[in-house]
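Protein chains in written order, with the numbering used here: chain V, 1 to 116; chain L, 1001 to 1110.
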């Protein structure tokens, strides 16, 4: 049973560039959330996708956008990269709270993004 | 002010010691999660609870909804318990968003 997989594991980009990160949820999960974790900090919620729509969004600018595909996998896109976007980006999958109530989060190992 | 506060931020213990990590939150919640993060980033869900107490092996998690407080206890700590422990809550108010504490970095010395 494959858990949450993220790609790539590491990425180096230049300020102003665009980046796409990918996430495949745990088998059977239909909800994907994205988080940004700066060094020494807890994860910060970016947004959550369910049924191919963004359902909730944290306090992140429009440069951060996403997509969910019919197979429940998801992408996180960041445009016009800033140095401050350097962080570990985590994807977590779960079952839809609206139907199943709270369910445990399953996290991927993250993508380490470095912006130079 | 963060919606979730953890203490202590850093903790060093001798192998075998009893460890307590505390979490306080300020929002109404539907559930509280305790997570474990090892170096390299991978996060593992330890507990999800909305009331009372849960136990798994040497780990015990408790929550007091009225006081908006939760504790994670580790009995007979072991060096392999060394990790960052993160408290996260799912808000029952702001669209069911998750809020995370900044984590407690635990080092258990043999």
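Glycine included, each C-beta is placed from N, C-alpha and C at the ideal position. Given the structure is predicted, the values throughout are model-derived calculations rather than measurements.
Query	Result
Residue 2 of chain V at chain L interface by Cβ criterion, 9 Å	no
Beta carbon proximity, residue 1072 of chain L to chain V, threshold 9 Å	no
Cross-chain neighbours of residue 113 of chain V in chain L, by beta carbon under 8 Å	Those within 8 Å of residue 113 of chain V in chain L number zero; the least Cβ separation is about 12 Å.
Rounded separation between residue 1021 of chain L and residue 104 of chain V - CA only	20 Å
Contact check, residue 67 of chain V vs residue 3 of chain V, beta carbons under 9 Å	no
Contact list for the segment 1028-1048 of chain L against chain V, Cβ threshold 8 Å	1030, 1031, 1033, 1035, 1040, 1041, 1042, 1043, 1044, 1045, 1048
CB contact check: residue 29 of chain V to chain L, cutoff 9 Å	no
Boundaries of the beta strand (DSSP E) in which residue 1007 of chain L is found, first to last residue	1004-1007
Delimiting residues of the beta strand (DSSP E) encompassing residue 1071 of chain L	1069-1074
One or two residues paired with residue 1099 of chain L in a DSSP bridge	L/1089
Beta-carbon neighbours of residue 85 of chain V, restricted to chain L and to distances below 8 Å	The contacting residues do not exist; residue 85 of chain V stays about 16 Å from chain L at best.
Residues from the segment 1072-1086 of chain L in contact with chain V, defined by Cβ distance under 7 Å	1086
Below-9 Å beta-carbon distance, residue 1088 of chain L vs any chain V residue	yes
Three-state secondary structure (DSSP) of residue 83 of chain V	helix
Option nearest residue 1043 of chain L by Cα separation, candidates L/1103, L/1109, L/1108	L/1103
Residue from L/1076, L/1085, L/1015 with nearest C-alpha to residue 1023 of chain L	L/1085
Residue 1047 of chain L, buried or exposed, once every other Cβ within 10 Å from all chains shown has been counted against 16	buried
Residue 22 of chain V (DSSP reduced to helix, strand or coil)	strand
Below-9 Å beta-carbon distance, residue 33 of chain V vs any chain L residue	yes
Inter-stretch contact at 8 Å, needing at least 3 Cβ pairs: the segment 5-13 of chain V / the segment 1068-1088 of chain L	no
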